[in-house]
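Please read the structure below before turning to the comments.
Residue numbers (the UniProt record's numbering): 1 to 421.
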């Protein structure tokens, strides 16, 4: 596919964050300065407050003769902050993030730029390297030494011949040497300093964010860049990797599965084999080395196969134990089911007893209410009888009083005299 536009018309910033490693940084910068490119570029070195005076002096010397543009951090803010400072220096330019422990060869930049412009939505392009995870050669996803007996220029030449103009879409770019188109940076934003400030994983996060809005990432198969690895923070590299993996998983839960799927399919293999074939044609020494490398790969596969067999055997044993435990659990469940059935029968019997007791209680309650009503009626009748008694008593008393009055009157005494006659 032809490029969309000429990628050499605009200046490209080659951003090199630096902290430690004078020898590695010197090799990196001199390799860039010594290789002519058609694409105009500017080397932007970001000194992240290096503690090495010799390295600081070397960078000052290069800046004094205008070989580089030097940005110096006041304090050690971390790798990602250094990258972001470089990214913001010229907000209209494409960039290449280049680790200070890398070496380049030939027209490496022109090839990366051409690869990056094969499609409007290409966000990043990554070359092959000896130490670049999914972009590693000769052994996939490993830290390899350079093939013995070959210079970097010769290895890069092999890639140019074997894979000229070829590329492969990959799930993420690799940060050791990463071409990023400015349009992608403008849409996605800078690297995430708050979560990946010290380095490791920042380019994966950037690529995943870009992928979610339609940007793609390519392996530039005809370019090879040497990478030592972990020079700036070799004493804490593993801890940083572990922390970055946890952060990536939290931000992008599908990332590990996508990477594992890509590794399992290994679509990069055909490009590595094409280079192997070129090496075999160079000399018998290289042919033997390729055979040795393939033998080592086969030995690794055999070892992994044996490990897989051992793991399978352990799984089978585990399955047998699990099956035994499952059978025991099944028997226990049957026993418990039977006990449950018995308990349910007992509960039903007790429920029937409770129902009968409840029915008797209702009848007693009704009888009690009837008796209470009769007692109330009798109390009312008794009260009426007491009232009648009181009335009769009053009448009796009134009559007695009247009789006493009559007996005491003169008329009664007079008439009594006559009654006696």
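We put the CB at the ideal spot given by N, CA and C, even for glycine.
From 161, 259, 225, 95, residue whose alpha carbon lies closest to that of residue 208: 259
Give the straight-line distance between the Cα atoms of residue 314 and residue 330, rounded to the nearest whole angstrom. 24 Å
Straight-line Cα distance separating residue 285 from residue 172: 35 Å
Using only alpha-carbon positions, find the residue among 121, 197, 397 that is nearest to residue 77. 197
Can you tell me whether DSSP reads residue 224 as helix, strand or coil? strand
DSSP three-state label for residue 314, please. helix
Opposite residue 177 in the DSSP bridges: which residues? 98
For residue 429, which residues does DSSP report across the bridge? Missing from the structure shown is residue 429; the chain here goes from 1 to 421 and no further.
So residue 42 is in the beta strand (DSSP E); what residue range does that whole segment cover? 41 to 47
Note down the Cα distance separating residue 3 from residue 168, rounded to an integer number of angstroms. With a pLDDT of 44 at residue 3, under the threshold of 50, the modelled position of that residue is not reliable, and the figure given next carries that caveat. Roughly 15 Å between the two C-alpha positions.
Count the other CB atoms within 10 Å of the CB of residue 327; is the residue buried (16 or more) or exposed (fewer)? exposed
Helix, strand or coil: which one does DSSP assign to residue 118? coil
Terminal residues of the alpha helix (DSSP H) in which residue 68 lies: Residue 68 -> no alpha helix (DSSP H), and no H or E assigned at all.
Quick one, which of 104, 102, 101, 126 has its alpha-carbon nearest residue 113's? 126
Helix, strand or coil, according to DSSP, for residue 17 in the structure here? strand
Grab the span of the alpha helix (DSSP H) containing residue 273 for me, first residue to last. 269 to 282
Whose C-beta lies closer than 6 Å to the C-beta of residue 215 among residues of the same chain, with five residues either side of it excluded? 121, 123, 184
Burial state of residue 5 (16 or more Cβ within 10 Å): Because the pLDDT of residue 5 is 48, which lies under 50, any placement of that residue in the model is unreliable, and the number read from its coordinates should be weighed accordingly. Burial call: exposed.
Using a beta-carbon distance below 8 Å, is residue 36 in contact with chain B? Of the chains in the structure shown, none is chain B; there is only one protein chain.
Three-state secondary structure (DSSP) at residue 170? coil
Three or more C-beta pairs below 8 Å linking the stretch 272 to 285 and the stretch 133 to 141: yes
Counting only the same chain and skipping the five closest in sequence on each side, list residues whose C-beta sits under 8 Å from that of residue 425. Outside the modelled stretch of the chain, which goes from 1 to 421, sits residue 425, for which no answer is possible.
C-beta atoms of residue 97 and residue 29 nearer than 8 Å: no
What's the call for residue 290, buried or exposed, on a 16-neighbour Cβ count within 10 Å? buried
Would you report the Cα separation of residue 53 and residue 20, rounded to the nearest angstrom? 10 Å
Measure the alpha-carbon distance for residue 229 versus residue 176 and round it to whole angstroms. 8 Å
How is the alpha helix (DSSP H) around residue 84 delimited, first residue to last? 79 to 89
May I have the straight-line CA-CA distance separating residue 157 from residue 142, to the nearest angstrom? 22 Å
From residue 45 to residue 58, what does the alpha carbon distance come to, in whole angstroms? 12 Å
Ignore the nearest five residues each way along the sequence and tell me which others in residue 68's own chain have a CB closer than 6 Å to its CB. 43, 45, 62
Could you tell me whether the stretch 25 to 40 touches the stretch 103 to 118, using the rule of 3 or more Cβ pairs below 8 Å? yes
If you count every other CB in all the chains shown that lies within 10 Å of the CB of residue 360, and 16 or more means buried, which is it? exposed
Find out if the Cβ-Cβ distance for the pair residue 453, residue 225 is shorter than 8 Å. Since the first residue of the chain shown is 1 and the last is 421, residue 453 is not available in this structure.
Reduced DSSP secondary structure (H/G/I, E/B, other) of residue 50: coil
Please say whether residue 170 and residue 218 have beta carbons closer to each other than 8 Å? yes
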